[in-house]
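The sequence shown begins at 572 in this note's numbering and counts up one residue at a time.
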Amino acid sequence: MKLPIYIYGHPVLRRATEPVTSDYPELHKLIDDMFETMYAADGCGLAAPQIGLSIRLVVIDTDILKDQFPECAGRKMALINPEIEILDGEECTRSEGCLSLPGLSENVGRVEHIRLRWLDENFQPHEEEMSGFLSRCVQHECDHLDGKVYMDHVSATRKLLIRNKLRNLMEGKFNCDYKVKTAARRR
Ligand code: NI
């Protein structure tokens, strides 16, 4: 089942999130729905707050990016309660977008190398070092679990230049081809 995606300006994107427990009701169904929602919107990552749930759950499938970023090949994962450890200070700046900010993309600086610890959909623990665009995707999605979006990493000067676009998102004045929920009452 495809779920509506919550858009920039909606308070659920800023809320604190709770760890997922193994007795969470219908977790596999939820993960399936999140993948379906992400694929239908042509995304490569989706975090639970983006579908209105304040829990620490992310889905990622970066395979579509493999031609440009080989580290992304075949990486389809559900991340339960993921934890990022920064391995060194090396930073890299690249353009990012987000399903919660349709039509926008901005350059974002992020650390290059991380170690990720997470539980998979069967609550099996994993630990892996990641770099490149895979590391970037993981950092972007985990930001959502802490009430952050990539726009928070963009300079105030740059945000001033795109303030009308950001306001339009908050007011529901935009077009995209997937179901959304905005901070505005109704379009
Ligand atoms: Ni996002």
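We put the CB at the ideal spot given by N, CA and C, even for glycine.
If you reduce the DSSP assignment to three classes, tell me which class residue i lands in.
i, result
"R734", "helix"
"L771", "The structure shown does not extend to residue 771, since the chain spans only 572 to 758, so no value can be given for it."
"M741", "helix"
"I578", "coil"
"K750", "coil"
"D604", "helix"
"D691", "coil"
Is residue i a contact residue of the ligand NI, with contact defined as CB to any heavy atom under 6 Å?
i, result
"C669", "yes"
Taking the beta carbon of residue i as the centre, do at least 16 other beta carbons fall within 10 Å, making it buried, or is it exposed?
i, result
"Q639", "exposed"
"Q621", "buried"
"T728", "exposed"
"N693", "exposed"
"L584", "buried"
"K738", "The identity of residue 738 in the sequence shown is Arg, whereas the question assumes Lys. Counting Cβ neighbours within 10 Å, R738 comes out exposed, since fewer than 16 surround it."
Please determine, among the options, the residue with the shortest C-alpha to C-alpha distance to residue i.
i, options, result
"T633", "L705, M605, C747", "L705"
"A649", "S726, I602, N739", "I602"
"L624", "V709, C643, E667, G718", "G718"
"G544", "I635, K730, L690, S666", "With the chain running from 572 to 758 in the structure shown, residue 544 is simply not present."
"T588", "D714, E692, T664", "D714"
"P673", "K573, K600, S593, D748", "D748"
Confirm the yes/no value for this check: CB of residue i, any heavy atom of the ligand NAD, distance under 6 Å.
i, result
"S726", "Looking at this structure, you won't find the ligand NAD anywhere; what it does contain is the ligand NI."
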